[in-house]
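To convert, note that position 5 of the sequence shown is 107 in the numbering used here; the numbers rise steadily by one, no gaps.
Beta carbons are placed, not taken as given, at the ideal position from N, Cα and C, and that holds for glycine.
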Amino acid sequence: MLQSARLMHTLLMQHMTQFADFSTAFTPQWAADWLADITAVENLTTDDVHIDEVAETTTQVLKAMMAARNKWAEVNFFIRRAFANDASAKGVFGAAAYSKVRGNQLRMIEFLRALHGAATDHAAQLIAAGYTQPQIDEIDTICTTLQQKAGIQTRARRNRPKLTANRILALNVPYRKMMEVSEAAQIIFMDSEATRKMYVYYPRKRKKTEAENPVQDSQ
Numbered sequence: 103m104l105q106s107a108r109l110m111h112t113l114l115m116q117h118m119t120q121f122a123d124f125s126t127a128f129t130p131q132w133a134a135d136w137l138a139d140i141t142a143v144e145n146l147t148t149d150d151v152h153i154d155e156v157a158e159t160t161t162q163v164l165k166a167m168m169a170a171r172n173k174w175a176e177v178n179f180f181i182r183r184a185f186a187n188d189a190s191a192k193g194v195f196g197a198a199a200y201s202k203v204r205g206n207q208l209r210m211i212e213f214l215r216a217l218h219g220a221a222t223d224h225a226a227q228l229i230a231a232g233y234t235q236p237q238i239d240e241i242d243t244i245c246t247t248l249q250q251k252a253g254i255q256t257r258a259r260r261n262r263p264k265l266t267a268n269r270i271l272a273l274n275v276p277y278r279k280m281m282e283v284s285e286a287a288q289i290i291f292m293d294s295e296a297t298r299k300m301y302v303y304y305p306r307k308r309k310k311t312e313a314e315n316p317v318q319d320s321q
């Protein structure tokens, strides 16, 4: 749509005299304002770009989840070594719950938080088994990273409908002006079929939308 609007704006400037004779509403300033509207929308983030941004946040969350699963495998090795003869102590670290949380971001965050607490409480035994304090501290670091990445992903997903709605509203501003020019051109150039056709907008096929939002979120 924006490409068509720019093309029609160029045509309008070429035929400004005819349009001004037809209506005093068509002035160089009106044309300049229309061009500014087109440029403003072009500078907005497109839906495709936002989809890519959401996909990138998902990639980051998946990496953080993998780091969390790898960390559990590491910690669990030393838990079994430190508490080889104490099954009840091993249960404090949440081993039984791991299979239920390994694929869920929020549950994994809770799991890591509890795991860090348990590892801190039993740091002496784990360290005696060969683990280190920095390795214990890393549990909390991984938990924090996962929480941050998951939050960014959630906000990106929630913002998409709002950004799309705002973009559609912005698109409709130059779109309506383009329709004014197109409709006026059909009258101004009624004796020139070739010129009239130059002012016709042919939108791409799209799903039916509400009358108040005639423009889809595309360029």
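Residue environment, residue 302, which counts as buried when at least 16 other CB atoms sit within 10 Å: exposed
Contacts around residue 210, its chain only, beta-carbon distance under 6 Å, and the 5 residues preceding and following it disregarded: 170 and 203
Close beta carbons around residue 254, own chain, < 6 Å, minus the five adjacent residues each side: 159
Three-state secondary structure (DSSP) of residue 312: Here residue 312 scores only 40 on pLDDT, less than 50, and its place in the model is too uncertain to base an answer on.
Separation of residue 278 from residue 292, as counted between CA atoms: 21 Å
Rounded separation between residue 227 and residue 241 - CA only: 16 Å
Reference residue 181, options 229, 256 and 216, closest by Cα: 229
Top-ranked residue by Cα proximity to residue 165, from 256, 247 and 146: 247
Stretch-stretch touch, CB-based, cutoff 8 Å, three pairs: the segment 211 to 220 with the segment 264 to 280: no
Close-in-space but distant-in-sequence residues of the same chain around residue 156 (CB under 8 Å, 5 per side omitted): 255, 258, 259 and 262
Alpha-carbon to alpha-carbon, residue 125 and residue 282: 11 Å
C-alpha distance - residue 113 paired with residue 287, whole-angstrom precision: 10 Å
Any chain C beta carbon closer than 8 Å to residue 281: No chain C is present in this structure, which holds just one protein chain.
Outcome for residue 311 when other beta-carbon atoms lying within 10 angstroms are tallied against a minimum of 16: Because the pLDDT of residue 311 is 43, which lies under 50, any placement of that residue in the model is unreliable, and the number read from its coordinates should be weighed accordingly. Residue 311 comes out exposed.
Residues near residue 284 in its chain [Cβ-Cβ closer than 8 Å; skip 5 each side]: 110, 301, 302 and 303
When 290, 194 and 163 are compared against residue 251, the one with the closest alpha-carbon: 163
Within 8 Å, strictly: CB atoms of residue 231 and residue 183: yes
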